[in-house]
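Read through the structure below, which is laid out as structure tokens, and then see the notes.
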Amino acid sequence: MNQNDRQPAETQDKNGPATGKVTLRIWRGDENGGEFKDYTLDAQEGEVVLDVVHRVQSEHAGDLSVRWNCKAGKCGSCSAEINGVPKLMCMTRMSDFSSGEPITITPMRTFPIIRDLVTDVSFNYEIAKKVPPFTPGPKEPDGTYRMAQRDIDRIQEFHKCIECFLCQNVCHVIRDHEENKANYAGPRFFVRFAALEMHPLNTNNSLGLLKEEMGIGYCNITKCCTEVCPEQIHITDNAIIPLKERVVTANYDPLAWLVTKIRRKTGRNTSST
Amino acid sequence: MDITDTKDTPTAIKPTPVQLGKPRGGPAQSTLRKDYWWVTPTITVGVLTAFVIYATWAGFQNGNYYYAPYISPFYSPCIASNCVYQQLPIIGTWWKLSPALLILVFPLGYRLTCYYYRKAYYRAFWWAPPACAVEDAHSKYSGETRWPLLLQNSHRWFFYMGLVLNFFLTIDAVRAFDFPSGWGMGLGSLVLSVNAILLWLYSFSCHACRHLCGGSVNKFSTAPLRYRVWKILTPLNQRHMLFAWVSLIFVALSDLYVRLVASGAIRDPRFF
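As you go down the protein sequences, you meet chains A and B in turn. Each step along the first sequence adds one to the number in this note's numbering, with nothing skipped, and position 256 is 256. Each step along the second sequence adds one to the number in this note's numbering, with nothing skipped, and position 22 is 22.
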């Protein structure tokens, strides 16, 4: 390579340019329609996509709507699709992109548009209302609840969820089939159900609800929810598949049904499904 | 359409209507992804198609599947009376077709209903979806809620059958060291041993196995043995995709090796 072709070391990291001119191709519009608009500006070293979007807002398009809050990947507000991939804008480095090509930013596809990059995610809040609350059994004689650490370790992962709804957005069951929103809770809420179902103190059994109303059978295990989760929750392997297996035990496994029946008859208290 | 139906849900908060079908943002394109998302499904189609073609051809051959002491994993356990190697002749002489056809249905069902392969073929063959954030190829979708995909729920039954087959393939692996001239070791002995190990790893890393062994327990402190098993199986489960591919390819290679030795195309190197 000719030495003149190289960029100065301070302007380039291992993935791509950290500084220099970049073009953001941002979808602008509302429920009446919209289009892409290009904004070319300087990116500075260490910036994330949200930083540059904010500078578009302050320098080029004061009316650009974007939802954000913590800029630290913990509030789940700035979910969008960057070059077609669902991501948090605050956790996507500009240096991840090669120079030259515009970086496309669009709102989450699954939810109704409000304006520009802001979507109406209230579908999720309506589903949340359908999740039965945590219902512990009777307290210990000393008036407390006790759990062993190993009983509770497994569900800690599920509590990392920041409700960015990227998993809901990428799930093709509702992304590509709007009508399924009436019958399907989505990966975020399967994580919530898993946290409740596997909780050592919870007494609610939601398997019937999961099968009949929350549509766990619609999930076909394509694992996109796991791929986009910014908290690296193993949504499919640790939440959805275990729930599916519990539904199988309750509905499609006569052997498990017989074992449960015998256990109940012999008075053995079962802690498993 | 709305989703206000809350009957029988023990929640205190009543959901408010959500209007479906409202306009969405972004362009009406199947995907805006710029990366090579199509590479993985293409490789999946290539490898799985090649395997199915080879396994079908090998299953119908009804020959060159046994060369003492090696038996092809596609033909084991050999349960028909027309087997060259009488292992477990529970099917009478009325069966005239290849004995492999009596066996292959079980690993086929096991892999078809496997949670990993479901991901692989739903993406690669059915395009539901072909990749994340790439549009589903179908106008309607009911997932695994209806016939025939409701049968995916039979996975654990195929898992049980898979364990039985693994048991026989392990016996085959041990017998692969027992030559007519006495105990020894050839390349085929190693091939069949590695094949058996990989199939056990595939079974032990299975999601149904992880659930049945301990995942179904809510209070691990009351089931310490099942908890320990679950702890051992969990890291294996994280590598289920790896074991699925490696065991699939190796079982075909094992059959090919026995076939080549039995047909006289190659000689089995003996180490001792």
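From the three backbone atoms N, C-alpha and C, an ideal C-beta is built for every residue, glycine too. Quantities reported herein were computed from a predicted structural model and do not represent experimental measurements.
- Beyond the five residues adjoining it in sequence on each side, P200(A) comes within less than 8 Å, by CB distance, of M147, A148, D151, I152, S271 in the same chain, given in chain order.
- Non-local beta-carbon contacts of T170(B) in its own chain, meaning distances under 6 Å to residues more than five positions away in sequence, involve A196 in chain order.
- By the Cβ neighbour-count rule, Q168(A) is buried, with 16 or more other Cβ atoms within 10 Å of its own.
- Counted as a single uninterrupted DSSP element, the alpha helix (DSSP H) harbouring S189(B) occupies residues 187-204.
- The segment 118-135 of chain B and the segment 172-187 of chain B do not touch, with fewer than 3 CB-CB distances between them shorter than 8 Å.
- Here R264(A) is exposed: its Cβ has fewer than 16 other Cβ atoms, across all protein chains shown, within 10 Å.
- Interface with chain A (8 Å Cβ-Cβ cutoff): R24(B) is included.
- Secondary structure within the segment 87-164 of chain A: the beta strand (DSSP E) runs of 3 or more consecutive residues, fully enclosed, are 103-106, 113-115 (chain order).
- Here A43(A) is buried: its Cβ has 16 or more other Cβ atoms, across all protein chains shown, within 10 Å.
- A43(A) is bridged by DSSP to G20(A).
- In the DSSP assignment, A28(B) falls outside any beta strand (DSSP E) and carries neither an H nor an E.
- For S65(A), the CB contacts under 6 Å within the same chain, skipping 5 residues up- and downstream, are R115, D116, V118 in chain order.
- In terms of beta-carbon proximity, E140(A) stays away from the interface with chain B, with every pair separated by 8 Å or more.
- Exposure of V39(B) is indicated by the presence of fewer than 16 other C-beta atoms within 10 angstroms of its C-beta.
- When 8 Å is used as the limit between beta carbons, G109(B) is near no residue of chain A, the shortest such separation being about 15 Å.
- In the DSSP annotation of this structure, S65(A) is not part of any beta strand (DSSP E), being labelled neither H nor E.
- With respect to chain B, the C-beta atom of W68(A) has no partner C-beta closer than 8 Å.
- Fewer than three Cβ pairs drawn from the segment 71-79 of chain A and the segment 55-62 of chain A lie within less than 8 Å of each other, which leaves the two stretches out of contact.
- Taken in chain order, the complete alpha helix (DSSP H) segments of 4 or more residues contained in the segment 231-267 of chain A are 241-251, 254-265.
- Closest in alpha carbon position to M94(A), among R246(A), P112(A), L24(A), is L24(A).
- Under the 8 Å criterion on CB atoms, T260(A) is classed as non-interfacial with respect to chain B.
- Closest option to P73(B), judged by alpha-carbon separation, among S81(B), N82(B), P89(B), A55(B): A55(B).
- DSSP, read as helix, strand or coil, puts G33(A) in strand.
- Look at the segment 145-185 of chain B and you find these whole runs of alpha helix (DSSP H), each 4 residues long or longer: 155-175.
- With distances taken between CA atoms, Y85(B) lies nearest to A68(B) out of A68(B), V229(B), I232(B).
- When 7 Å is used as the limit between beta carbons, S221(B) is near these residues of chain A: A148, R150, D151, in chain order.
- At least one C-beta of chain A is nearer than 8 Å to the C-beta of G143(B).
- Listed along chain B, no residue sits closer than 7 Å to C78(A) by beta-carbon distance, the nearest being about 15 Å off.
- According to the DSSP assignment, A80(A) belongs to the beta strand (DSSP E) that extends over 79-82.
- When I71(B), H211(B), S76(B) are compared, the shortest CA-CA separation from Y257(B) is found for I71(B).
- The beta carbon of T236(A) sits closer than 7 Å to the beta carbons of I221, K223, C225, T226 from its chain, once the five residues preceding and following it are set aside; these are given in chain order.
- In the structure shown, A194(A) adopts helical secondary structure according to DSSP, grouped into three states.
- Contact check for N166(B) against S205(B) fails: the beta carbons are separated by 8 Å or more.
- For T113(B), the closest of A256(A), A250(A), E245(A), L255(A) by C-alpha to C-alpha distance is E245(A).
- Excluding sequence positions up to five before and after F250(B), its CB lies within less than 6 Å of the CB of N195, L198, all in the same chain and listed in chain order.
- Per DSSP, the beta-bridge partners of A80(B) are I91(B).
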